[in-house]
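Here's the structure, in structure tokens; my notes come after.
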Amino acid sequence: SCDASQLCNCSSMGLAFIPPGLTAKITVLNLAHNRIKRIQSQDLQQAVNLRALLLQSNEISSIDEDSFQSLAKLELLDLSNNSLAHLSPVWFEHLFSLQHLYLQGNSYRDLGQSSPFSSLRNLSSLHLGSPQLSVIRQGNFEGIEFLHRLWIDGSNLSQYEEGSLKSIKEINHMIIGIRNITVFSEIVRDLLHSVTWLEVTEIKLPVEKKSLVQNSTRPFRLQKLTFKEAFFTDQTISRAIVLLKEITSLKQLEAINCVLEGKGIWNTAEIAKSGESFVETITIIKVMIQNFHLFFDLEGMESQINKLKRLTIASSNVFMVPCKLARHFSSLLYLDFHDNLLVNKRLNETICRGSWPSLQTLNLSQNSLKSLEETAKYTSRLPNLNNLDISQNNFGEIPDVCKWPENLKYLNLSSTQIPKVTSCIPETLEVLDVSGNNLKEFGLQLPLLKELYLTRNQLKALPGAAPIPNLVALSVRRNKLNSFSKEEFESFRRMELLDASDNNFICSCEFLSFVQHEAGIGQVLVGWPDKYVCDSPLAVRGAQVGAVHLSLMECHRSLVVSLICVLVFLVILLLVAVGYKYHVVWYLRMTWAWLQAKRKPKRAPPKDVCYDAFVSYSENDSDWVENTMVRELEQACPPFRLCLHKRDFVPGKWIVDNIIDSIEKSHKTLFVLSEHFVQSEWCKYELDFSHFRLFDENNDAAILVLLEPIQSKAIPKRFCKLR
1 SCDASQLCNC SSMGLAFIPP GLTAKITVLN LAHNRIKRIQ SQDLQQAVNL RALLLQSNEI
61 SSIDEDSFQS LAKLELLDLS NNSLAHLSPV WFEHLFSLQH LYLQGNSYRD LGQSSPFSSL
121 RNLSSLHLGS PQLSVIRQGN FEGIEFLHRL WIDGSNLSQY EEGSLKSIKE INHMIIGIRN
181 ITVFSEIVRD LLHSVTWLEV TEIKLPVEKK SLVQNSTRPF RLQKLTFKEA FFTDQTISRA
241 IVLLKEITSL KQLEAINCVL EGKGIWNTAE IAKSGESFVE TITIIKVMIQ NFHLFFDLEG
301 MESQINKLKR LTIASSNVFM VPCKLARHFS SLLYLDFHDN LLVNKRLNET ICRGSWPSLQ
361 TLNLSQNSLK SLEETAKYTS RLPNLNNLDI SQNNFGEIPD VCKWPENLKY LNLSSTQIPK
421 VTSCIPETLE VLDVSGNNLK EFGLQLPLLK ELYLTRNQLK ALPGAAPIPN LVALSVRRNK
481 LNSFSKEEFE SFRRMELLDA SDNNFICSCE FLSFVQHEAG IGQVLVGWPD KYVCDSPLAV
541 RGAQVGAVHL SLMECHRSLV VSLICVLVFL VILLLVAVGY KYHVVWYLRM TWAWLQAKRK
601 PKRAPPKDVC YDAFVSYSEN DSDWVENTMV RELEQACPPF RLCLHKRDFV PGKWIVDNII
661 DSIEKSHKTL FVLSEHFVQS EWCKYELDFS HFRLFDENND AAILVLLEPI QSKAIPKRFC
721 KLR
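Going by full-length UniProt numbering, the residue at position 430 of the sequence shown is 430; the numbering climbs one at a time, nothing skipped.
Set out below in structure tokens:
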């Protein structure tokens with residue numbers, strides 16, 4: 001169950017005991033969610049290098065006193081949610097390196113008569129307590145001087161000895177679940193000088209009369225107080241405000257998931273009489289007020305809010321702030337009303353003239369605002385406002401012109417259903433968020449803009465750089481971006497961060513060449529390379545853009561096709577040249593003619609042989625042939641019947657067929673040889689047809705008449721028989 005770093009995970013294996021054979025190599029041992037009931041002396045004896053031991057959610061009820069004796073390097077020990085009925089200091093006395101100890105969810109009722117933690121000098125976080133814990137005694141925390149985090153489940157704590165927690169000199173964050181108000185008051189008095197942030201859960205505050213700082217000397221350390229899942233009434237909250245003013249160091253108040261029973265009828269006279277409040281930050285999240293629409297306007301609280309700097313009231317059904325009250329928030333810099341019920345009609349009252357005079361940041365997101373033009377007009381009454389969040393309101397439309405605060409620098413219009421961006425958006429902006437609006441383009445002139453967020457839109461290309469010359473950060477994540485070029489990227493001269501992740505990139509050669517070879521692009525692209533994935537070509541779909549390499553054919557297809565065409569053309573040209581030189585065309589024509597001749601019967605029937613001889617001669621020798629030879633032969637006794645092409649060829653018939661038919665219908669073929677004959681293509685055909693007949697019929701029907709001497713070199717090489 002151990003990995004390479006010697007982290008051994010044996011959780012949820014149904015183990016009834018710690019497995020034997022643990023060695024010094026193990027650094028982390030997870031035995032959570034098993035059925036272990038006892039830890040014995042020898043179980044962990046060899047695990048001397050153990051850094052973390054997780055034993056939560058077992059059935060441990062017994063631990064031998066020297067079980068952890070060899071674990072001097074242990075930094076984390078989790079024994080929560082077991083069945084320990086008591087805590088022994090002996091268990092922890094050798095854990096010199098322990099920083100995190102979790103003991104909550106056991107069945108012990110107290111922490112013993114002395115401190116179980118006296119030897120834990122390096123302890124940073126301590127979790128203890130359970131529904132059974134009822135007593136905390138003085139001396140239970142002796143030996144602990146500093147804790148980053150202390151968590152105590154004291155839901156049924158009924159007895160707390162004064163000064164029990166005073167021994168801890170400094171606690172950064174303490175969380176305590178408590179219901180007993182008397183015990184709560186006593187604990188607060190002990191923690192005033194040690195705790196920086198106190199978080200209280202499940203408390204139901206009664207009307208407390210005693211002072212929280214009774215007999216305590218200033219200065220106090222407590223700066224932040226948080227109530228979670230607490231219950232208040234009009235009376236208890238009035239008294240709590242008065243008592244908390246006594247803690248002069250308190251700067252932050254939080255109420256989360258609390259319930260307020262009442263209508264806001266607070267004892268404002270007593271509150272005002274107790275003096276000014278020192279609290280600068282109030283955060284109220286998910287406070288449930290039954291019949292909130294009947295809640296009073298807190299008239300008389302004006303004197304308590306003029307020092308407040310940060311106010312958050314979220315998810316609490318706020319639908320309006322009275323103008324009179326709003327004008328007294330003279331020092332407020334930050335106001336967060338997100339996830340409430342604010343509407344445009346009530347906004348005129350909430351942001352009336354003279355209200356919130358110092359306000360710089362306003363969050364009105366997730367409300368029910370419908371008109372962007374009216375929202376802009378009302379917020380323009382805030383002279384110092386520079387940061388405005390009105391996201392997740394359903395505006396639907398955007399006008400061409402709007403009036404905004406003069407110094408507005410940050411504007412969040414994300415998820416507001418605006419169909420486009422217009423000059424309504426002010427030119428003073430340095431940060432603009434219009435994510436989630438299905439925008440198809442962005443071309444606004446915003447010369448001061450440094451950050452632009454266009455996530456979850458329909459953009460197919462990066463916005464132009466010229467209208468936004470000072471842009472430093474741009475997000476176009478989850479758009480319809482297919483690619484972007486080197487020119488587009490470099491046009492943003494001051495760009496430091498570009499988030500173009502989660503787009504369907506077409507991994508073309510140009511795009512890949514740019515993103516893979518551009519120097520420093522990995523430092524600019526947010527999410528590179530994991531979030532940049534190819535959508536096409538199909539062969540590389542799903543692959544990271546940075547890892548894809550396309551072939552030469554895929555990258556330079558037009559060039560490759562052009563080269564192939566040029567090569568084919570050159571080959572054809574070469575074949576034509578070779579064919580011309582070696583008379584390939586002539587051979588082809590002769591072969592065709594021969595094939596035609598082959599299709600005819602080998603020997604014409606006697607009745608079809610109507611000539612004694614077919615005369616083959618050159619037109620240049622026609623004078624001698626026709627006037628001398630033909631006359632002699634045809635006037636001989638008996639006369640010969642000769643076939644002459646001028647006289648006996650059938651008009652309109654293909655000349656090759658005429659030649660073949662004439663040779664077939666003649667007993668002999670008479671060739672009148674001369675230099676003109678050798679140069680005549682048709683004479684050569686006739687000679688070759690005669691040769692075919694010789695080979696096919698074994699009949700030497702050719703008669704050669706040499707009209708004049710012919711030099712051998714004058715006869716073309718292809719006429720080897722004639723040579």
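Cβ coordinates follow ideal geometry from the N, Cα and C atoms, glycine included.
What you are looking at is a predicted structure, and each value in this text was computed from that prediction instead of being measured.
Counterpart residues of residue i in DSSP-defined beta bridges
i           : result
residue 282 : 253 and 311
residue 16  : Beta-bridge pairing links residue 16 to no other residue.
residue 199 : 175 and 226
residue 499 : 475
residue 62  : 38
residue 154 : 178
residue 705 : 672
residue 388 : 362 and 411
residue 160 : 136
residue 451 : 431 and 473
residue 320 : None, per the DSSP bridge assignment.
Closest by C-alpha distance to residue i, when choosing among the options
i           : options               : result
residue 645 : 657, 564 and 578      : 657
residue 409 : 532, 426, 421 and 257 : 426
residue 248 : 254, 218 and 573      : 218
residue 167 : 76, 254, 193 and 178  : 193
residue 768 : 286, 185, 142 and 104 : Lying before the first or after the last residue shown, residue 768 is absent from the chain, which here runs from 1 to 723.
residue 494 : 518, 461, 31 and 469  : 469
residue 463 : 174, 260 and 442      : 442
residue 321 : 346, 338, 308 and 314 : 346
residue 295 : 126, 260 and 14       : 260
residue 227 : 434, 111, 415 and 244 : 244
residue 25  : 46, 35 and 477        : 46
residue 591 : 688, 94, 275 and 75   : 688
residue 728 : 2, 405, 36 and 28     : In the structure as shown, the chain begins at 1 and stops at 723. Residue 728 is therefore absent and cannot be evaluated.
residue 204 : 41, 233 and 520       : 233
residue 73  : 91, 95, 120 and 500   : 95
residue 158 : 137, 174 and 173      : 137
residue 118 : 145, 107 and 129      : 145
residue 500 : 482, 517, 492 and 344 : 482
residue 340 : 349, 368 and 362      : 368
residue 184 : 169, 202 and 139      : 202
residue 147 : 170, 129 and 131      : 170
residue 546 : 522, 257, 561 and 454 : 522
Sequence-distant residues of the same chain with beta carbon closer than 6 angstroms to residue i, five excluded per side
i           : result
residue 611 : 641, 643, 665 and 666
residue 18  : 43
residue 672 : 617, 621, 625, 705 and 707
residue 703 : 668 and 670
residue 302 : 328
residue 488 : 462
residue 272 : 303
residue 766 : Since the first residue shown for the chain is 1 and the last is 723, residue 766 is missing from the structure and cannot be characterised.
residue 363 : 336, 338 and 389
Three-state secondary structure (DSSP) of residue i
i           : result
residue 8   : strand
residue 442 : coil
residue 75  : coil
residue 530 : coil
residue 684 : helix
residue 668 : strand
residue 425 : coil
residue 272 : helix
residue 728 : Residue numbering for the chain in the displayed model covers 1 to 723; residue 728 lies beyond these limits and cannot be assessed.
residue 643 : strand
residue 53  : strand
residue 233 : strand
Neighbourhood of residue i by C-beta distance below 7 angstroms, restricted to the same chain and skipping five residues each side
i           : result
residue 548 : 507, 512, 534 and 540
residue 634 : 640 and 642
Residues near residue i in its chain [Cβ-Cβ closer than 8 angstroms; skip 5 each side]
i           : result
residue 134 : 109, 110, 156, 157, 158 and 159
residue 373 : 399, 402 and 424
residue 263 : 234, 291, 294, 295 and 296
In chain order, which continuous runs of the alpha helix (DSSP H) of length 4 or greater are located wholly inside the segment 77-144?
-> Under the rule that a run must span 4 or more residues, the alpha helix (DSSP H) segments found entirely inside the segment 77-144 read 89-92.
Which runs of the beta strand (DSSP E), 3 residues or longer, sit entirely within the segment 514-583?
-> Listed in chain order, they are 533-536.
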